[in-house]
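Down below is the structure, laid out as C-alpha cells.
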Amino acid sequence: MNELFQLLKQGNRSALTAAIVNTVIAIIKGAAYLFTGNVAMFAETMHSLGDAANQFFVFVGSALSKRAPTDRFPGGFGRLVHLVLLGAVLIVGIMAYETIIEGYHHILHPAESKGIFLIIAILAAATILETFVLIKAMKEILHDAGIEASGFSVVTKSLANFKRGKAATRLVFMEDAVATAGGLLAIAAVLLSHYTPFHEAEGIASMLIGLMMFLVVGKVFLDNARGVLGESDDEMEQKIGEMVMADPDVKDVGDVVVIKEGDELHVELEIEINPQMSFAEADDIKDRIEEQVRQQRGVTDVTIELDEDDGIQRWNNSPEEAKR
Numbered sequence: 001m002n003e004l005f006q007l008l009k010q011g012n013r014s015a016l017t018a019a020i021v022n023t024v025i026a027i028i029k030g031a032a033y034l035f036t037g038n039v040a041m042f043a044e045t046m047h048s049l050g051d052a053a054n055q056f057f058v059f060v061g062s063a064l065s066k067r068a069p070t071d072r073f074p075g076g077f078g079r080l081v082h083l084v085l086l087g088a089v090l091i092v093g094i095m096a097y098e099t100i101i102e103g104y105h106h107i108l109h110p111a112e113s114k115g116i117f118l119i120i121a122i123l124a125a126a127t128i129l130e131t132f133v134l135i136k137a138m139k140e141i142l143h144d145a146g147i148e149a150s151g152f153s154v155v156t157k158s159l160a161n162f163k164r165g166k167a168a169t170r171l172v173f174m175e176d177a178v179a180t181a182g183g184l185l186a187i188a189a190v191l192l193s194h195y196t197p198f199h200e201a202e203g204i205a206s207m208l209i210g211l212m213m214f215l216v217v218g219k220v221f222l223d224n225a226r227g228v229l230g231e232s233d234d235e236m237e238q239k240i241g242e243m244v245m246a247d248p249d250v251k252d253v254g255d256v257v258v259i260k261e262g263d264e265l266h267v268e269l270e271i272e273i274n275p276q277m278s279f280a281e282a283d284d285i286k287d288r289i290e291e292q293v294r295q296q297r298g299v300t301d302v303t304i305e306l307d308e309d310d311g312i313q314r315w316n317n318s319p320e321e322a323k324r
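Given below as C-alpha cells:
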C-alpha cells in the first residue's frame, strides 16, 4: 500500500487537477440540468463527467507507469499509461454518443428552457474553471519541453511544442480545450434559444459538443496506439546524435534509436572510436557518454555499443540522412 501511495505522488498533476475540477463542475452542472431541463446543460454535464473520469484514470495510469521493473516485467511499466489512455477514451466516446443523441432528440422536439440566468451563471463559471485548467496544462507542456514562457507566449509556445508534452498532459490539454470551447458554444446556444424562437439551437450545440468530444477520442486513440507499439522520438535522436558527435573521442555515430515508453525514453547508441584505444580508455568514453545522455530529459535507459572506426562517415546534421 505504501508503494502505491509513493507511485501516486508521481502521477501527472495536470490530470489530477483537471479530474477534481471537472468533478466539481459536473456536480454543479448536473444539479442545474435537473432544475432547468436545459439540453445544452445536459451536454456539458456529460462532457464534464466524461472528462473527470477520463482524467482520473489518466492520473492513475501515469502514476503506475513509474513503477520500477520487476523480474516478470523487466522492461518496466512505461507503456502502461498508453494502455490506460486507450481504455479511458472509451468513457469519453460513450459520453459523446449520449450527448449527440440527447441533442438530436431536442432538435426533433425543441422546448424553451427555464432558469436562463442560473444556466448562464453556471456555464460561465465552469468555462472560467476549464480555462484555468487549460492554462495549467499549457504550462505543463512547456515544463515537459523545458521551455520558459510568460504572458500570452504561454499559449503560442505550448501550441508550438504540443507534441513534446507527456501523453497524459496532451490529453488534459485537448479535453479542456474542447471543454472551454464547448462552454462558450453552450452559452451562445442558450442565449439564442432564449431570445429568439430558434429553440433548436440548444440541441445543435449539444450535437456539436458531442462531435468535438469524438474528435478528442480519435486523436487520443491514435496517439496512444503509437505509444503502445513503441514510437521513436526523431527530435531526441537528432539531439543525442549531435551531442555524442561533439565528443572529441567519438569518430562517428552509426545509429541512434530513441523509443518512447510512456514518459520514459530508452536510448540505443552505436558509436565508433579509435581502434588503437585500450579497453580501459574505451570504457571511460562509454561511461562518459552514457552519463551525458542520461542527463537528457526523460531518458531512463541507455545502451551503448562500441565499434572501431571504419573511416566511413555516416552521421551528419540531417535527420533524414542520419536515419539512412
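Counting with full-length UniProt numbering, you get residues 1 to 324 for the letters of the sequence shown. Even glycine gets a Cβ: it sits at the ideal position worked out from N, Cα and C.
By the neighbour-count criterion, in which 16 or more other beta carbons inside 10 Å mark a residue as buried, glutamine 55 falls on the buried side. Between the alpha carbons of arginine 226 and asparagine 161 lies a gap of roughly 19 angstroms. Annotation: glycine 183 to lysine 239 spans about 41 angstroms, alpha carbon to alpha carbon. Distance from the Cα of alanine 167 is smallest, within the candidate group Val228, Pro275, Gly203, for Val228. Within its own chain, the residues whose Cβ lies closer than 7 angstroms to the Cβ of glutamate 130, once the five positions on either side in sequence are excluded, are Asp176, Ala179, Thr180, Gly183, listed in chain order.
The distance from the Cβ of glutamate 264 to that of glycine 78 is about 4 angstroms, consistent with a contact at the 8 angstroms cut-off. DSSP places lysine 260 within a strand segment (E or B) once states are collapsed to three. Apart from the 5 residues on each side of it in sequence, leucine 49 sits with its Cβ closer than 6 angstroms to the Cβ of Ala26 in its chain, given in chain order.
For valine 244, the CB contacts under 7 angstroms within the same chain, skipping 5 residues up- and downstream, are Val250, Val253, Leu269, Ile271, Ile289 in chain order.
Closest in C-alpha terms to tyrosine 195, from the list Ala186, Glu112, Glu242, comes Glu112.
By DSSP's assignment, isoleucine 120 forms no beta bridge with any residue.
Methionine 46 places its beta carbon less than 8 angstroms from that of threonine 99.
The segment 82-94 and the segment 207-225 touch, with three or more beta-carbon pairs separated by less than 8 angstroms. In the three-state reduction of the DSSP assignment, aspartate 249 falls in the coil class, being assigned neither a helical nor a strand state. For threonine 70, the three-state secondary structure derived from DSSP is coil.
The C-alpha of aspartate 307 lies about 35 angstroms from the C-alpha of histidine 82.
A Cβ-Cβ contact shorter than 8 angstroms links leucine 85 with asparagine 224. When DSSP states are grouped into helix, strand and coil, glutamate 235 belongs to the helix group. Distance from the CA atom of glycine 87 to the CA atom of glycine 165, rounded to whole angstroms, is 20 angstroms. The beta-carbon separation of alanine 186 and alanine 15, rounded to 24 angstroms, does not stay under the 8 angstroms limit for a contact. If the five residues before and after alanine 282 are omitted, its C-beta is found closer than 7 angstroms to the C-beta atoms of Ile273, Leu306, all from its own chain and listed in chain order. The Cβ neighbour count for arginine 297, taken over all protein chains shown within 10 Å, is under 16; the residue is labelled exposed. Secondary structure at threonine 300: strand, using DSSP grouped into helix, strand and coil. For the set Ile141, Gly61, Lys163, the Cα lying nearest the Cα of aspartate 234 is the one of Lys163.
Relative to methionine 41, the option among Pro74, Glu202, Phe59 whose CA is nearest is Glu202.
About 46 angstroms separates the beta carbon of serine 232 from that of histidine 106, a gap too long to meet the 8 angstroms contact definition.
If you ignore the 5 residues before and after isoleucine 120, its C-beta comes within less than 8 angstroms of the C-beta of Ile187, Val190, Leu191, all in its own chain and listed in chain order. Measuring C-alpha to C-alpha distances from leucine 222 to each of Arg170, Val299, Leu64 identifies Arg170 as the nearest. Per DSSP, reduced to three states, the secondary structure at glycine 151 is coil, with no helix or strand assignment. Where lysine 166 is concerned, there is no enclosing alpha helix (DSSP H), because DSSP gives it neither an H nor an E. Assignment of glutamate 44 by DSSP, reduced to helix, strand and coil, places it in the helix class.
For histidine 266, the pairing in a beta bridge is given by DSSP as Ile259, Asp301. In the three-state scheme derived from DSSP, where H, G and I count as helix and E and B as strand, glycine 254 is classed as strand.
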